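Peer 1: Protein chains in written order, with numbering that gives the first Met the number 0: chain A, 0 to 199; chain B, 0 to 199; chain C, 0 to 199; chain D, 0 to 199.
What follows is a single structure, and I will ask about it in a moment.
4 protein chains.
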Amino acid sequence: MPNPRQAVGRPRDSQVDHAIVRATRELLGERGYAGLTVDAVATRAGVGKAAIYRRYATKQEMIFSAVVHDMGEQPPPDAGSLRADLAAVCQTIAGQLGSAPTDVLAGLLADVYSDTALGARFSETFLQRERLVVTEVLDRAVARGELAARPDPATVQALLMGPIFAWLLILMGDPDKVPDLARTVAESVAAVLLTGAVAG
Amino acid sequence: MPNPRQAVGRPRDSQVDHAIVRATRELLGERGYAGLTVDAVATRAGVGKAAIYRRYATKQEMIFSAVVHDMGEQPPPDAGSLRADLAAVCQTIAGQLGSAPTDVLAGLLADVYSDTALGARFSETFLQRERLVVTEVLDRAVARGELAARPDPATVQALLMGPIFAWLLILMGDPDKVPDLARTVAESVAAVLLTGAVAG
Amino acid sequence: MPNPRQAVGRPRDSQVDHAIVRATRELLGERGYAGLTVDAVATRAGVGKAAIYRRYATKQEMIFSAVVHDMGEQPPPDAGSLRADLAAVCQTIAGQLGSAPTDVLAGLLADVYSDTALGARFSETFLQRERLVVTEVLDRAVARGELAARPDPATVQALLMGPIFAWLLILMGDPDKVPDLARTVAESVAAVLLTGAVAG
Amino acid sequence: MPNPRQAVGRPRDSQVDHAIVRATRELLGERGYAGLTVDAVATRAGVGKAAIYRRYATKQEMIFSAVVHDMGEQPPPDAGSLRADLAAVCQTIAGQLGSAPTDVLAGLLADVYSDTALGARFSETFLQRERLVVTEVLDRAVARGELAARPDPATVQALLMGPIFAWLLILMGDPDKVPDLARTVAESVAAVLLTGAVAG
DNA sequence: ACTTAAACGAGACGGTACGTCCCGTCTTTGC
DNA sequence: GCAAAGACGGGACGTACCGTCTCGTTTAAGT
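In structure tokens form, the structure reads like this:
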């Protein structure tokens, strides 16, 4: 059951979509989050502002879509143990967070709080998808007999992503040390979970 | 040897200082971070804009000063064990982060990336002071013989503050559950440190 | 010798022509000259914008054609005397000017100055045709012996149409009084012409 | 009884007023009425757009004020006879109309119809003031015994200004011939008035 | 008391970006 | 090849803030 409105009128030009996303990413890299303007994106993309606002309701949505686009968050491969699964999840998180400049991440995070629609989209696109991954990993551990009961996935999610987030965004730590940090995080979360200290 | 320029002319009115801080906090609560304007603060405070810019170089500095004001980060009391000390540090962090609305925290974090001066101040006022606390706690554990060598304080700081940060700012979790989370965090960090898995 | 391009392809739909003209007039009445948009005309007419721009090069031309359409300016019937002929011409002018809302007339007049092509068409469609009428009337008066020489037709044209124009467009006078005014104008122009005060 | 609000805050800078008016006039001359943009005026005047919109509610008001500014319409000197007085009035009208480019006059006239406030101002600033002049001239003629009763000033105003208006704005006639036309107009109006054909 | 100099409320200033609107053109699908 | 529908590049509009700059007034400290 495709969208019935697709049949009428000139269809959206997908080259315009790409040009906007591309220009946004380039300019974010060149001028930073705070220095990005919609006019500059339009000019760089060779596109009218109307074409941008036809796709995105606000500047913030445009940036969000250009940066987050498709944080695929594929279903995680079973690595055989909770410890190994957690390590894999951590690496994925680290890879995603490291894919955008920190000032952009911080800017987006702030925008999420001033735009309800964006907040919902952020939650759906990113948080809930990642939570499913965490849930899956925990369920496996229960199935294996490593855990007696499934701990709260949201709590585990915070334990996993938090330190990496803090390292990059708040402490402005060296990105090269993120892999080491990810290992330590996986280690510490596995330790605390396996002692049974975290409630469901 | 005070600033000689202070002696001449009309002195700053400390009531103006308070009015600005107060108006800023009120308006942050009412309209949120993104909705705050300097004109509105001036009006609410019954103050001219010049009086604000005489005190703060930018809007961001004004907000920073009004919100962060005095994250005291007092020296931590020795609780007798690494596990207990980490728990205390975690509670402190949780208390500080919970004292401001999340949208304000996110907004300030974004500003830190577009304003070098603010970034430096944020680092000095907040990060480095907290790092000293972490370092002190770790040193005590070494002195007690709990740890063979002092792990990297920055890494430990990320492990401690990260999950709470993520819970509040990213996952938009229930603030009432933060104390529980803080306990879990302290537990997990103590576990991984005591196994010696974290390098110095 | 018709246009050879007319023979190929689908012929223009004359219903579309009428729909455009009709929608234009309706919307001019409802929203006024300044509030008219091509999109609105297309929507109201149930027509694509391309169909409009296939017929008219600009929005202004569209309006012009819809409003002026056929200012017939038929050859004037000989009324027997200069005085009577002038009165007839004046009534015709008054009738034409009164047929469109004043804001539309003012808008069109302004457009004539920003669009050379429209200016030319305005001149051909309206001014020159009217001038021929004036010239004819003056020539008759010469033939009758009422005038010794033919005065400058452009000057007489200005004397005849000017007051009615000013009354409606500038002074925003009562349209019901235009017939009276037209009589007075004819009277005054006849008077000055018959005294021989106007040069050829 | 001066404006009580003058005392508070920074006063308007009259140099800014002049810069705006000057830039508007220059650009009207260079690019014509249709080519004028508010941004261009702001840039040329070395002024922010806000400074313009603080003074004028719309672009149209700005242009109106810059062009019409002060059509002084001083009380007319008594020339001794109705015929001579009318000639003087005609010359004044001709001078005023000739002081601005025709495209600007046409543009302003159109604006008057899409902006009620501007229409009112146009009427007060220009039409009513001129009408007083006409009324005064007619009253003098009555006092002199040239006229039995005072004819309708609005009608006479239309008779006087109309032909000059039509000559310049509609017929796009040679501006050099306006003085001749003005004389003819005065002649014809005097003729018709003195025959008593125009009602009060 | 009188001068000096800075701080004060108010609000205008130059500048920049926003999001909207409209023009005239182009690109689909269908007839 | 015309039709409706609607996306396209371009560009102006009027609004909203920012951080600065006058105004005239008020408040101390130093004479």
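Note that the Cβ used here is the ideal one computed from N, Cα and C, for glycine as well.
All values derive from a computational prediction rather than experimental measurement.
Looking at C-alpha atoms only, which residue of B:Asp12, B:Ile92, B:Phe125 is the closest neighbour of Arg54 of chain B?
Peer 2: For the purposes of this step, residue 54 of chain B is identified with residue 55 of the second sequence, where counting begins at 1. If we check each option's Cα against that of Arg54 of chain B, B:Asp12 comes out closest.
Peer 1: Let's test the definition: count the other Cβ atoms within 10 Å of the Cβ of Val7 of chain A and tell me whether it reaches 16, buried, or not, exposed.
Peer 2: Sequence index remark: in the first sequence, residue 7 of chain A carries index 8 (1-based). Classification of Val7 of chain A: exposed, given that the 10 Å Cβ count is below 16.
Peer 1: Just to confirm, are Arg200 of chain B and Ala65 of chain B a CB contact at a threshold of 8 Å?
Peer 2: As shown, chain B starts at 0 and ends at 199. That puts residue 200 of chain B outside it, with no answer to give.
Peer 1: Take Ala200 of chain C and list the residues in its own chain whose beta-carbon comes closer than 6 Å to its own, dropping the five residues that flank it on each side.
Peer 2: What is shown of chain C runs 0 to 199, which leaves residue 200 of chain C out entirely.
Peer 1: So, with DSSP's three-state summary, where would you put Glu145 of chain D?
Peer 2: The residue labelled residue 145 of chain D in the question sits at position 146 within the fourth sequence. Correct three-state label for Glu145 of chain D: coil.
Peer 1: Can you give me, in chain order, the residues of the segment 155-167 of chain B that have a beta carbon less than 8 Å from any beta carbon in chain A?
Peer 2: Per Cβ criterion, the list reads Gln156, Ala157, Leu158, Met160, Gly161, Pro162, Ile163, Phe164, Ala165, Trp166.
Peer 1: Using a Cβ cut-off of 8 Å (strictly closer), state whether Gly94 of chain A contacts chain B.
Peer 2: Locating residue 94 of chain A in the first sequence gives position 95, counting from the first residue. Cβ-Cβ to chain B under 8 Å: no for Gly94 of chain A.
Peer 1: Tell me the DSSP secondary structure of Ala33 of chain D in three-state form.
Peer 2: Your numbering for residue 33 of chain D matches position 34 in the fourth sequence. Here Ala33 of chain D sits in coil by DSSP.
Peer 1: In chain order, what residues of the same chain lie with their CB nearer than 8 Å to the CB of Leu146 of chain C, ignoring the 5 residues before and after it?
Peer 2: Here the question's residue 146 of chain C lines up with position 147 in the third sequence. Excluding residues within five positions, the ones whose Cβ falls inside 8 Å are Leu81, Leu137, Ala140, Leu192, Leu193, Gly195.
Peer 1: Show which residues of chain C have a CB atom less than 7 Å away from the CB atom of Gly31 of chain D.
Peer 2: As a first step, residue 31 of chain D must be located in the fourth sequence, where it is residue number 32. Within 7 Å Cβ-Cβ: Ser113.
Peer 1: 8 Å is my cut-off, CB to CB: does Gly35 of chain C come that close to chain D?
Peer 2: Along the third sequence, one-based indexing puts residue 35 of chain C at 36. Gly is not the amino acid found at residue 35 of chain C; the sequence shown has Leu there. No, its Cβ sits nowhere closer than 8 Å to a Cβ of chain D.
Peer 1: Would you mind telling me which residues of chain A sit closer than 7 Å to Asp102 of chain B, beta carbon to beta carbon, in chain order?
Peer 2: Locating residue 102 of chain B in the second sequence gives position 103, counting from the first residue. Result: Tyr112, Ser113.
Peer 1: Taking the beta carbon of Ala49 of chain C as the centre, do at least 16 other beta carbons fall within 10 Å, making it buried, or is it exposed?
Peer 2: Within the third sequence, residue 49 of chain C is the residue found at index 50, counting from 1. Classification of Ala49 of chain C: exposed, given that the 10 Å Cβ count is below 16.
Peer 1: Specify, as a first and last residue, the run of the alpha helix (DSSP H) that Ser98 of chain B falls within.
Peer 2: Walking along the second sequence from the start, residue 98 of chain B turns up at place 99. Where Ser98 of chain B is concerned, there is no enclosing alpha helix (DSSP H), given that its DSSP letter is neither H nor E.
Peer 1: Would you kindly work out how many angstroms separate the C-alpha atoms of Leu200 of chain A and Pro75 of chain A, rounded to a whole number?
Peer 2: In this structure chain A extends from 0 to 199, so residue 200 of chain A is not present and cannot be described.
Peer 1: Along chain D, in chain order, which residues have C-beta atoms closer than 8 Å to that of Thr205 of chain C?
Peer 2: Nothing in the structure corresponds to residue 205 of chain C, since chain C is present only between 0 and 199.
Peer 1: Going along chain A, which residues have a C-beta under 8 Å from Ala147 of chain B?
Peer 2: Counted from its first residue, the second sequence places residue 147 of chain B at position 148. Under the 8 Å cutoff, chain A gives no residues; its nearest Cβ is about 16 Å from Ala147 of chain B.
Peer 1: Drop a sphere of 10 angstroms on the beta-carbon of Thr36 of chain D, count the other beta-carbons inside from all chains shown, and report buried for 16 or more, exposed for fewer.
Peer 2: Sequence index remark: in the fourth sequence, residue 36 of chain D carries index 37 (1-based). Thr36 of chain D comes out exposed.
Peer 1: Out of A:Gly97, A:Ala78, A:Met61, which has the shortest C-alpha to C-alpha gap to Asp175 of chain A?
Peer 2: Here the question's residue 175 of chain A lines up with position 176 in the first sequence. Among A:Gly97, A:Ala78, A:Met61, the Cα nearest to that of Asp175 of chain A belongs to A:Gly97.
Peer 1: Among B:Ala189, B:Ala190, B:Met160, B:Ala153, which has the Cα closest to the Cα of Asp173 of chain A?
Peer 2: In the first sequence, counting from the first residue as 1, residue 173 of chain A sits at position 174. If we check each option's Cα against that of Asp173 of chain A, B:Ala153 comes out closest.
Peer 1: CB-CB under 8 Å to Val133 of chain C, same chain, minus the five flanking residues each way: which ones, in chain order?
Peer 2: The residue labelled residue 133 of chain C in the question sits at position 134 within the third sequence. The residues are Val88, Pro152, Val155, Gln156, Leu159.
Peer 1: Residues in its own chain within less than 7 Å of Gly31 of chain A by CB, not counting five upstream and five downstream?
Peer 2: Residue mapping note: residue 31 of chain A aligns to position 32 of the first sequence, counting from 1. Asp102.
Peer 1: For Ser112 of chain A versus Ala105 of chain B, is the C-beta distance shorter than 8 Å?
Peer 2: Start at 1 with the first residue of the first sequence, and residue 112 of chain A comes out as number 113. Start at 1 with the first residue of the second sequence, and residue 105 of chain B comes out as number 106. According to the sequence displayed, residue 112 of chain A carries Tyr and not Ser. Yes, they are a contact pair.
Peer 1: Could you give the first and the last residue of the continuous alpha helix (DSSP H) run that contains Phe164 of chain A?
Peer 2: Working through the first sequence from its first residue, we reach residue 164 of chain A at position 165. Unbroken alpha helix (DSSP H) run through Phe164 of chain A: 152-164.
Peer 1: Which whole-angstrom value describes the C-beta separation of Ala22 of chain A and Arg43 of chain A, a residue pair presumed to lie in contact below a C-beta threshold of 8 Å?
Peer 2: Position 23 of the first sequence, counted from the start, is the residue given in the question as residue 22 of chain A. Position 44 of the first sequence, counted from the start, is the residue given in the question as residue 43 of chain A. Indeed, because the Cβ distance is near 4 Å, the residues count as touching under 8 Å.
Peer 1: Do you know how far the Cα of Gln59 of chain D is from the Cα of Val20 of chain B?
Peer 2: In the second sequence, counting from the first residue as 1, residue 20 of chain B sits at position 21. In the fourth sequence, counting from the first residue as 1, residue 59 of chain D sits at position 60. Distance between the alpha carbons of Val20 of chain B and Gln59 of chain D: 43 Å.
Peer 1: Report the residue from D:Met171, D:Val197, D:Gly161, D:Leu27 whose alpha carbon sits nearest the alpha carbon of Val184 of chain D.
Peer 2: Mapped onto the fourth sequence, residue 184 of chain D falls at position 185. Checking every option, the nearest Cα to that of Val184 of chain D belongs to D:Gly161.
Peer 1: If we call anything under 8 Å between Cβ atoms a contact, is Ser187 of chain D one with Val15 of chain C?
Peer 2: Sequence index remark: in the fourth sequence, residue 187 of chain D carries index 188 (1-based). Sequence index remark: in the third sequence, residue 15 of chain C carries index 16 (1-based). No, Cβ-Cβ distance for Ser187 of chain D and Val15 of chain C is not below 8 Å.
Peer 1: Is there at least one Cβ from chain B nearer than 8 Å to Gly106 of chain A's Cβ?
Peer 2: Sequence index remark: in the first sequence, residue 106 of chain A carries index 107 (1-based). Closer than 8 Å to some Cβ of chain B, the Cβ of Gly106 of chain A qualifies, so yes.
Peer 1: Suppose you measure from the CA of Gly45 of chain C to the CA of Leu26 of chain C; what does that come to, to the nearest Å?
Peer 2: Along the third sequence, one-based indexing puts residue 45 of chain C at 46. Along the third sequence, one-based indexing puts residue 26 of chain C at 27. For Gly45 of chain C and Leu26 of chain C, the distance between alpha carbons rounds to 14 Å.
Peer 1: Output needed for Met171 of chain A: all residues of its chain with C-beta closer than 8 Å, excluding positions within five of it in sequence on either side, in chain order.
Peer 2: Residue 171 of chain A sits at position 172 when you count from the first residue of the first sequence. Sequence-distant Cβ neighbours of Met171 of chain A in its own chain, meaning closer than 8 Å and more than five residues away, are Thr101.
Peer 1: What's the C-alpha gap between Leu117 of chain D and Ala148 of chain D?
Peer 2: Position 118 of the fourth sequence holds residue 117 of chain D. Position 149 of the fourth sequence holds residue 148 of chain D. When rounded, the distance between both Cα atoms is 34 Å.
Peer 1: Going by C-alpha distance, which of C:Arg143, C:Asp179, C:Ala190, C:Arg130 is nearest Gln73 of chain C?
Peer 2: Within the third sequence, the letter at position 74 stands for residue 73 of chain C. Answer by Cα proximity: C:Arg130.
Peer 1: What residue range does the alpha helix (DSSP H) around Gly118 of chain C cover?
Peer 2: Along the third sequence, one-based indexing puts residue 118 of chain C at 119. Element bounds for Gly118 of chain C: 115-121.
Peer 1: Take Arg201 of chain A as the anchor and find which of A:Asp77, A:His17, A:Met61, A:Thr124 has the nearest alpha-carbon.
Peer 2: There is no way to answer for residue 201 of chain A, as the model of chain A reaches only from 0 to 199.
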